[in-house]
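> Structure incoming, see below.
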Amino acid sequence: MATWNGAWSKAEATAYLEGQTVPIRLACRTPSGGLWMLSLWYQYQDGTLACATSADADVVSFLEADDGVAFEVSDNQPPYRGVRGAGTVTISSDEEKTLLRSLLDRYVGGTDNDLGNQLLSADRKEVRLEIEPDRLYSWDFSDRMSDIDS
Numbered sequence: 021m022a023t024w025n026g027a028w029s030k031a032e033a034t035a036y037l038e039g040q041t042v043p044i045r046l047a048c049r050t051p052s053g054g055l056w057m058l059s060l061w062y063q064y065q066d067g068t069l070a071c072a073t074s075a076d077a078d079v080v081s082f083l084e085a086d087d088g089v090a091f092e093v094s095d096n097q098p099p100y101r102g103v104r105g106a107g108t109v110t111i112s113s114d115e116e117k118t119l120l121r122s123l124l125d126r127y128v129g130g131t132d133n134d135l136g137n138q139l140l141s142a143d144r145k146e147v148r149l150e151i152e153p154d155r156l157y158s159w160d161f162s163d164r165m166s167d168i169d170s
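Numbering-wise (this note's numbering), the sequence shown opens with residue 21 and increments by one.
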């Protein structure tokens, strides 16, 4: 069970994660001990963050070597607010690309486009990255940035 801290209640932070369509920023370690960060589409459901990526992506081998991650979902325009945290990742095959289809609907409005055709091609193998948060922290700078236009 994840611990929740910060500016928002668990319900407010959950609503934020469910409603945002900015990518999640995901940080992990490379097998040589270096740091790696990338942005992925995500969906938040039942306390986990699910992302889709190619089975051949470098991050998959990084996460197979070390499943610990840090992450952030935040607004890109002022006033800044969001949720960050840390947890572990489970990798599983998504042969039917179910999660990817859902993410294409969520982020670009469907699969009937060039990006959808490319990502859903039959020769592309897809995996699901399931992030199980250990801790989450929310922040909201709305009050102190109230006079700044976004």
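Using N, Cα and C, we set each Cβ at its ideal position, and we do this for glycine too. Bear in mind the structure is a predicted one, so any value in this text is a computation, not a measurement.
(1) Determine the contact status of VAL89 and VAL109, defining contact as a CB-CB distance below 7 Å.
(2) Taking Cβ to Cβ, would you say ALA75 is nearer than 7 Å to LYS145?
(3) What is the C-beta distance between GLU84 and ILE44, in whole angstroms, given that I count them as a contact (C-beta under 8 Å)?
(4) For LEU37, count neighbouring C-beta atoms within 10 Å of its own C-beta (all shown protein chains included) and say buried if the count is 16 or more, exposed if not.
(5) By Cβ distance, which residues of its chain are closer than 8 Å to ARG126, with the 5 residues on each side in sequence left out?
(6) Can you give me the start and stop residues for the beta strand (DSSP E) that TYR62 sits inside?
(7) Tell me which residues share the same chain as LEU119 and place their Cβ nearer than 7 Å to its Cβ, disregarding the 5 neighbours each side in the sequence.
(8) Leaving aside the five residues before and after ASP87 along the sequence, list all residues of the same chain whose C-beta is less than 6 Å from its C-beta, in chain order.
(9) Using 10 angstroms around the beta-carbon of ASP143, count the other beta-carbons present and answer buried if the total reaches 16, otherwise exposed.
(10) Return yes when the Cβ of GLY26 is within less than 7 Å of the Cβ of ILE113, no when it is not.
(11) Span of the alpha helix (DSSP H) holding ASN137?
Walking through what the data contain:
(1) With contacts defined by Cβ atoms closer than 7 Å, VAL89 and VAL109 form a contacting pair.
(2) Taking 7 Å as the Cβ cut-off, ALA75 and LYS145 qualify as a contacting pair.
(3) At roughly 19 Å, the Cβ-Cβ gap does not stay under 8 Å, so GLU84 and ILE44 are not in contact.
(4) Buried, by the Cβ-count rule.
(5) Here the set comprises THR41, TRP61 and GLN63.
(6) Counting along the chain, TYR62 sits inside the beta strand (DSSP E) bounded by residues 62 to 65.
(7) Around LEU119: ALA70, ALA72 and ARG148.
(8) Closer than 6 Å at Cβ, skipping near neighbours: THR108 and VAL109.
(9) The residue is exposed, with fewer than 16 neighbouring Cβ atoms inside 10 Å.
(10) A quick correction: the sequence has Ser, not Ile, at residue 113. Cβ atoms of SER113 and GLY26: not closer than 7 Å.
(11) Start and end: 134 to 139.
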